[in-house]
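The structure under discussion appears below in the form of structure tokens.
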Amino acid sequence: MTPDTARLHGEGGAGARPTGPATMKAEKPEDPQRQGLRERLENILIRTEKATSWHDEAERLRSLVNREGYVPIRTRLAIEDLDFLGGARADLLRFLELGLRLLDLHQPRDAGGITSDAAHPILRCRSCMWRWPCPTFRAMSESFGASREAGEPELPETETA
-7 MTPDTARLHG
3 EGGAGARPTG
13 PATMKAEKPE
23 DPQRQGLRER
33 LENILIRTEK
43 ATSWHDEAER
53 LRSLVNREGY
63 VPIRTRLAIE
73 DLDFLGGARA
83 DLLRFLELGL
93 RLLDLHQPRD
103 AGGITSDAAH
113 PILRCRSCMW
123 RWPCPTFRAM
133 SESFGASREA
143 GEPELPETET
153 A
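For the sequence shown, position 149 matches number 141 in our numbering, and the numbering has no gaps at all.
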């Protein structure tokens, strides 16, 4: 189990931040839509972790592209690999849509307060009204803004003016 999975399931050492219904003292039962979405995301995560990474293999296969633009390959795939590959494109498209929608919701706006530095006004999130950057944007930035695994290509940093 990876640290991300352990955190999702509330496991880990002293520094782990357990999440989920067991750690919250909610008076209302879990929202069924939220619960369904969480289950879907956890299923995708589990399926992804069980599948074999093609990162290194893809680099080697690039040199084998034939005249038609295809790579004739023979490989052994586990059932988990086939499950992952079968849904990978649709899952990735859903995650991209989710990420873009979250970015549209969580963006900075001028808080309208009095500040001594007019060039750098106090900003708040347009959606949740937390000071900018809000927790949602920080979590997305931590997850997608930097390399998460060794050997993964570094994403370009965006400059702020």
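From the three backbone atoms N, C-alpha and C, an ideal C-beta is built for every residue, glycine too. If you're wondering where the values come from, they're calculated on a predicted model, not measured in any experiment.
{"Query": "How should cysteine 117 be labelled, buried or exposed, when 16 other C-beta atoms within 10 angstroms of its C-beta is the threshold for buried?", "Result": "buried"}
{"Query": "Give the C-beta separation of glycine 91 and phenylalanine 136 to the nearest angstrom, bearing in mind that I take them to be a contact with Cβ-Cβ under 8 Å.", "Result": "7 Å"}
{"Query": "Between the beta-carbon of leucine 115 and the beta-carbon of proline 100, is there less than 7 Å?", "Result": "yes"}
{"Query": "Do the CB positions of proline 113 and aspartate 96 come within less than 7 Å of each other?", "Result": "no"}
{"Query": "Name the residue from Thr67, Glu22, His98, Thr107 whose alpha carbon lies nearest to the alpha carbon of tryptophan 46.", "Result": "Thr67"}
{"Query": "State the start and end residues of the unbroken alpha helix (DSSP H) segment that holds arginine 86.", "Result": "71 to 97"}
{"Query": "DSSP three-state label for aspartate 48, please.", "Result": "helix"}
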